[in-house]
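In numbering that gives the first Met the number 0, the protein residues as written are 0 to 327.
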Amino acid sequence: MPDRETIDAAALPDVPTEAWSGVHRGPLREGEWVRLTDQKGRRHNFALAAGKRFFSNRGHIEHDELIGREEGFTVPSSAGGEYLVFRPLLSEFVVSMPRGAAVVYPKDAAQIVAMADIFPGARVVEAGVGSGALTCSLLRAVGPWGRVTSFERREEFADVARKNVNQFFSAPDGQTHPAWDLRLGDLQEELPGLGEKVDRIILDMLAPWECVDAVADALTPGGIVVAYVATTTQLSRYVETVRAHGGFTDPQPWESLVRDWHVEGLAVRPGHKMIGHTAFLVTARRMAPGETAPRKKRRPAPGAYGVDYTGPRPADLPPQVLEERLDD
Numbered sequence: 000m001p002d003r004e005t006i007d008a009a010a011l012p013d014v015p016t017e018a019w020s021g022v023h024r025g026p027l028r029e030g031e032w033v034r035l036t037d038q039k040g041r042r043h044n045f046a047l048a049a050g051k052r053f054f055s056n057r058g059h060i061e062h063d064e065l066i067g068r069e070e071g072f073t074v075p076s077s078a079g080g081e082y083l084v085f086r087p088l089l090s091e092f093v094v095s096m097p098r099g100a101a102v103v104y105p106k107d108a109a110q111i112v113a114m115a116d117i118f119p120g121a122r123v124v125e126a127g128v129g130s131g132a133l134t135c136s137l138l139r140a141v142g143p144w145g146r147v148t149s150f151e152r153r154e155e156f157a158d159v160a161r162k163n164v165n166q167f168f169s170a171p172d173g174q175t176h177p178a179w180d181l182r183l184g185d186l187q188e189e190l191p192g193l194g195e196k197v198d199r200i201i202l203d204m205l206a207p208w209e210c211v212d213a214v215a216d217a218l219t220p221g222g223i224v225v226a227y228v229a230t231t232t233q234l235s236r237y238v239e240t241v242r243a244h245g246g247f248t249d250p251q252p253w254e255s256l257v258r259d260w261h262v263e264g265l266a267v268r269p270g271h272k273m274i275g276h277t278a279f280l281v282t283a284r285r286m287a288p289g290e291t292a293p294r295k296k297r298r299p300a301p302g303a304y305g306v307d308y309t310g311p312r313p314a315d316l317p318p319q320v321l322e323e324r325l326d327d
């Protein structure tokens, strides 16, 4: 078995600062954030500071007891508690960050990064920024050589997001991630003035259907737009607006549900906690100028676009479809 000095010499170096990953390796340092988890699963996040104490209902822990140690250890508190110590993961950070607006949960952020194919060097537009949860995932995906332009109409939300993003990426001396451009303003009004085509657009807003024309003008051919909407009425209005526009592939809507499992020997069953509906996600790709995607040949469901329907309609619907009632 190798001795301790050999193991230490083989340890990975810290992640380069220029990667802007928000991740560190090696011993815990002053100024870094740590995540303490007690025996009941309660979690506490705080920044390490020499000479300070962390207090809980199980006594206190000296920050100096944590600084300089490799993460992944347990530490006792003064009143007999026991805490597991790690650096917080991005998925853990975003659900405990200070909030101005609701956050995009990790399960949805992961779907957005994967299904929108966010890649290193991508030019991405985000509206709105909320509390900065999705922004952190987008910035990590595009890297320092990409660009994430975030539009937010409310200054108080932008301030919270800026603090959260800077905290996660440990921005030194008040710096902001070099790939991030946070702007106050409405996407529909500001996007035309961006002055360049973009690869991906993420819409996390109340009425994304109002921005479809602006999105179509800004997206490069083959680019992807993702909408994040909470209700079925928003989902229907947005999907039908994109479909009626004609400059995108047929929108693909879905949602993800996450359920944990209890596993103890032969006692294997679904857990009692579940992250159910948080939002619907919709993706569509931009067609080349002047091109339209082939229309579906399948006839719409009876009454889907009939006299009871008041939203946007796809082009070239048969006349009889427009006269149907939903309850026929």
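Idealized CB from N, CA, C, for every residue including glycine.
Span separating the alpha-carbon of residue i from that of residue j
| i | j | result |
| --- | --- | --- |
| Thr230 | Trp208 | 14 Å |
| Gln174 | Phe168 | 10 Å |
| Glu29 | Gly275 | 38 Å |
| Pro95 | Gly50 | The question names Pro, yet the displayed sequence has Ser at residue 95. Near 25 Å, if we compare the C-alpha coordinates of Gly50 and Ser95. |
| Val241 | Leu234 | 11 Å |
| Gln251 | Ala314 | 18 Å |
| Gln38 | Ala266 | 21 Å |
| Pro317 | Thr134 | 43 Å |
| Gln319 | Pro293 | 21 Å |
| Glu70 | Tyr82 | 12 Å |
| Pro299 | Tyr308 | 13 Å |
| Arg153 | Leu193 | 19 Å |
| Gly310 | Tyr304 | 8 Å |
8 Å Cβ cutoff met for residue i and residue j
| i | j | result |
| --- | --- | --- |
| Arg199 | Ile117 | yes |
| Ala46 | Trp32 | yes |
| Arg258 | Gly270 | yes |
| Ala178 | Gly145 | yes |
| Arg346 | Ala243 | The structure shown does not extend to residue 346, since the chain spans only 0 to 327, so no value can be given for it. |
| Ser149 | Ala108 | no |
| Ile223 | Ala100 | no |
| Asp249 | Lys295 | yes |
| Thr232 | Lys196 | no |
| Phe156 | Val228 | no |
| Gly289 | Asp326 | no |
| Val281 | Val211 | no |
| Ala10 | Gly25 | yes |
| Leu205 | Val225 | no |
| Gly338 | Arg285 | Coverage of the chain is limited to positions 0 through 327, which leaves residue 338 absent and any answer about it impossible. |
| Ala132 | Val112 | no |
| Glu17 | Pro143 | yes |
Three-state secondary structure assigned by DSSP to residue i
| i | result |
| --- | --- |
| Thr277 | coil |
| His328 | For the chain, the structure presents residues 0 to 327; residue 328 sits outside this window and is missing. |
| Gly129 | coil |
| Ile201 | strand |
| Trp19 | coil |
| Pro105 | helix |
| Tyr82 | strand |
| Gln251 | strand |
| Pro318 | helix |
| Gly310 | coil |
| Leu35 | strand |
| Glu29 | coil |
| Pro119 | coil |
| His176 | coil |
| Ala100 | coil |
| Leu181 | strand |
| Thr291 | coil |
| Arg139 | helix |
| Asp158 | helix |
| Arg285 | strand |
| Ser149 | strand |
| Arg258 | strand |
| Ala266 | strand |
| Met0 | Since pLDDT at Met0 reaches only 41, below the 50 mark, its modelled position is unreliable, and the value read off the structure follows with that caveat. Met0 falls in the coil class under three-state DSSP. |
Sequence-distant residues of the same chain with beta carbon closer than 8 Å to residue i, five excluded per side
| i | result |
| --- | --- |
| Pro97 | Ser130, Val159, Lys162 and Asn163 |
| Val306 | Leu321, Glu322, Glu323 and Arg324 |
| Pro191 | Ala213, Asp216 and Ala217 |
| Gly58 | Ser76, Ser77, Ala78, Gly79 and Gly80 |
| Leu65 | Leu27, Val33, Leu47, Val74 and Val84 |
| Asp63 | Ala49 and Gly50 |
| Leu256 | Met273, Ile274, Gly275 and His276 |
| Glu189 | Phe150 and Arg182 |
Nonlocal neighbours in the same chain, by C-beta distance under 7 Å from residue i, ignoring five residues either side
| i | result |
| --- | --- |
| His23 | Asp13, Val14, Glu31 and Arg86 |
| Glu61 | Arg52 |
| Val141 | Ile117, Pro119, Gly120, Ala121, Val123, Val147 and Ala178 |
| Phe92 | Phe167 |
| Asn165 | Thr175 |
The ligand MN heavy atom lying under 7 Å from the CB of residue i
| i | result |
| --- | --- |
| Val112 | The ligand MN is not part of this structure, which contains no ligands at all. |
Close beta carbons around residue i, own chain, < 6 Å, minus the five adjacent residues each side
| i | result |
| --- | --- |
| Tyr104 | Thr277 |
| Arg43 | Sequence check: residue 43 is His here, not Arg. Closer than 6 Å at the Cβ level, and outside the excluded window around His43, lie Leu35. |
| Leu88 | none |
| Ser90 | Pro105 |
| Arg268 | His261 |
| Ala283 | Val224, Val241, Phe247, Thr248 and Pro250 |
Write down every uninterrupted run of the beta strand (DSSP E) in the segment 204-234 whose length is 3 residues or greater and which is fully enclosed by it, in chain order. The segment 204-234 contains these whole beta strand (DSSP E) runs: 218-228.
Mind pulling the beta strand (DSSP E) runs of 3 or more residues that sit fully within the segment 37-82? Restricted to the segment 37-82, the beta strand (DSSP E) segments that are unbroken, complete and at least 3 residues in length are 42-46, 52-55, 58-61 and 72-75, listed in chain order.
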